[in-house]
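In what follows, a single structure is set out as structure tokens and then discussed.
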Amino acid sequence: MKNLYVSLGIFLLVKTASAQVLLEDKDGEKVVNYSAVLTPDIGRLSLIKLNTGDQSLGFSYFISSALHDPAKYAVQEFGLKAAPTAGYAAVFRNGQFSPGIKANYGLTFVNPFNRSTLTKTVDWASLDLGYSFDQYTLYQPNAVFSNQIYGKTSHSFRANLSYNLLLGSKFILNLKAGYSRQNNYPNLGQVDITDITSATNTNTTRQITSTTTAAQGNFMEYNAFPQIVSFTRATKTDAEGSADASKLRIGYTLFVKNQFSSYLNKTDGGAIIFLSRQDKSGIRNPVLGFVVQAVNLFDTQNLNNGLQKRIRVGFTTNFSL
1 MKNLYVSLGI FLLVKTASAQ VLLEDKDGEK VVNYSAVLTP DIGRLSLIKL
51 NTGDQSLGFS YFISSALHDP AKYAVQEFGL KAAPTAGYAA VFRNGQFSPG
101 IKANYGLTFV NPFNRSTLTK TVDWASLDLG YSFDQYTLYQ PNAVFSNQIY
151 GKTSHSFRAN LSYNLLLGSK FILNLKAGYS RQNNYPNLGQ VDITDITSAT
201 NTNTTRQITS TTTAAQGNFM EYNAFPQIVS FTRATKTDAE GSADASKLRI
251 GYTLFVKNQF SSYLNKTDGG AIIFLSRQDK SGIRNPVLGF VVQAVNLFDT
301 QNLNNGLQKR IRVGFTTNFS L
């Protein structure tokens, strides 16, 4: 089941030409930032996010504020998410929890170029800043026995700019580029290490075992420059109180993600299909999302393991408060 990952978290809020779309890939990185963002009349929104790709639980709080022109406003996002870096399997099996915490701040300006309010084309620009704290357990078999298992703390920063277009109140084009400090932990092989302690009396030998999950290999940090292009068919909002407001609607996203770095240049590609349902406030939330994603599309690591072995599929959902 190595090739089966519940990989991509989808977090979607849609409100006609005043909607919000937030999609994350299997690593928790945003694929689409904001789609015609939270309007000033809604003001504030809280969102609980579940992403089984990076096994994280997150919370985001959005504040919308009108500027001098009601057709031009800003939205701020304050986000926090946590996940066990070795995965939940290590928590349940070994009682081992290595914390990973990500905090982010986003600032979005709607209609930054003062487009006419009569056009169906809406644009917005976003700045996203993030800080990550991760604690890893690593295994180096060639080290002195007492130093083979050790802990590593990593601090990293990321910054991204994106430009977005909502075309005809249906289609969203997202262009994103930025910088992030990353490490190769996700590419290291994970192993379970069992230590056995023996105690003997005259007639009995007693063995006590303890298991540690660790990543094996040479850990390294590096600078990366991700770029993402995505195209989304958003779901429309129905009139409040209409029979159609309770219907499930289908949308999709296609994306290509490039990353340039001294460690590894790679390209990922994916498609997301999601079902959304409109709540009483007129915001559409996804109740189910399905993704197919090709990781390292061109096999730049030269693993020669075939594209079918680098396909990840998964499901996700989210909850608004």
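Heads up: the sequence shown begins at 1 in our numbering, then just goes up one per residue.
Each residue gets a CB set at the ideal place from its N, CA and C atoms; glycine is no exception.
Starting from Tyr88, trace the alpha helix (DSSP H) in both directions and tell me its first and last residue. Walking along the sequence shown from the start, residue 88 turns up at place 88. Start and end: 88–94.
On the three-state DSSP scale, how would you describe Asn184? For the purposes of this step, residue 184 is identified with residue 184 of the sequence shown, where counting begins at 1. Per DSSP, reduced to three states, the secondary structure at Asn184 is coil, with no helix or strand assignment.
Any beta strand (DSSP E) of 3 or more consecutive residues that is wholly inside the stretch 220–284: Those beta strand (DSSP E) runs which fall completely within the stretch 220–284 and span 3+ residues are 221–233, 249–261, 266–278.
Give me, in chain order, the residues of the same chain whose beta-carbon lies closer than 6 Å to that of Asp134; leave out the 5 immediate sequence neighbours on both sides. To locate residue 134, count along the sequence shown from 1; it is residue 134. Answer for Asp134: Thr85, Gly100, Ser154, listed in chain order.
Using only the alpha-carbon positions, how far apart do Lys247 and Ser126 sit? Within the sequence shown, numbered from 1, the residue matching residue 247 stands at position 247. Within the sequence shown, numbered from 1, the residue matching residue 126 stands at position 126. Lys247 and Ser126: Cα-Cα distance of roughly 31 Å.
What did DSSP end up calling Asn218 once you bin it into helix, strand or coil? Mapped onto the sequence shown, residue 218 falls at position 218. Looking at Asn218 - three-state DSSP - the assignment turns out to be coil, as it is neither helix nor strand.
Straight-line CA distance for Thr267 to Ala294? Indexing the sequence shown from 1 puts residue 267 at position 267. Indexing the sequence shown from 1 puts residue 294 at position 294. Taking the straight line from one Cα to the other gives about 9 Å.
As assigned by DSSP and simplified to three states, the class of Lys309: Within the sequence shown, residue 309 is the residue found at index 309, counting from 1. Reduced to three states, the DSSP call for Lys309 is helix.
How about Leu325 and Arg249: do their beta carbons lie closer than 9 Å? In the structure as shown, the chain begins at 1 and stops at 321. Residue 325 is therefore absent and cannot be evaluated.
DSSP three-state label for Phe171, please. By 1-based counting over the sequence shown, the position of residue 171 is 171. If DSSP states are grouped into helix, strand and coil, Phe171 belongs with the strands.
Using DSSP with H/G/I as helix, E/B as strand and the rest coil, what is Gly314? The residue you call residue 314 lines up with position 314 of the sequence shown. Of the three classes helix, strand and coil, the one that applies to Gly314 here is strand, per DSSP.
Classify Ala159: buried if its beta carbon has 16 or more other beta carbons within 10 angstroms, exposed otherwise. Along the sequence shown, one-based indexing puts residue 159 at 159. Its Cβ having fewer than 16 others within 10 Å, Ala159 is exposed.
What would DSSP say about Ser146, mapped onto helix, strand or coil? To locate residue 146, count along the sequence shown from 1; it is residue 146. Correct three-state label for Ser146: helix.
List the DSSP bridge partners of Gln55. Start at 1 with the first residue of the sequence shown, and residue 55 comes out as number 55. Gln55 is not bridged to any residue.
Which residue from Arg93, Pro226, Leu173, Asn111 puts its Cα closest to that of Thr232? In the sequence shown, the residue the question calls residue 232 occupies position 232. Per the Cα distances, Leu173.
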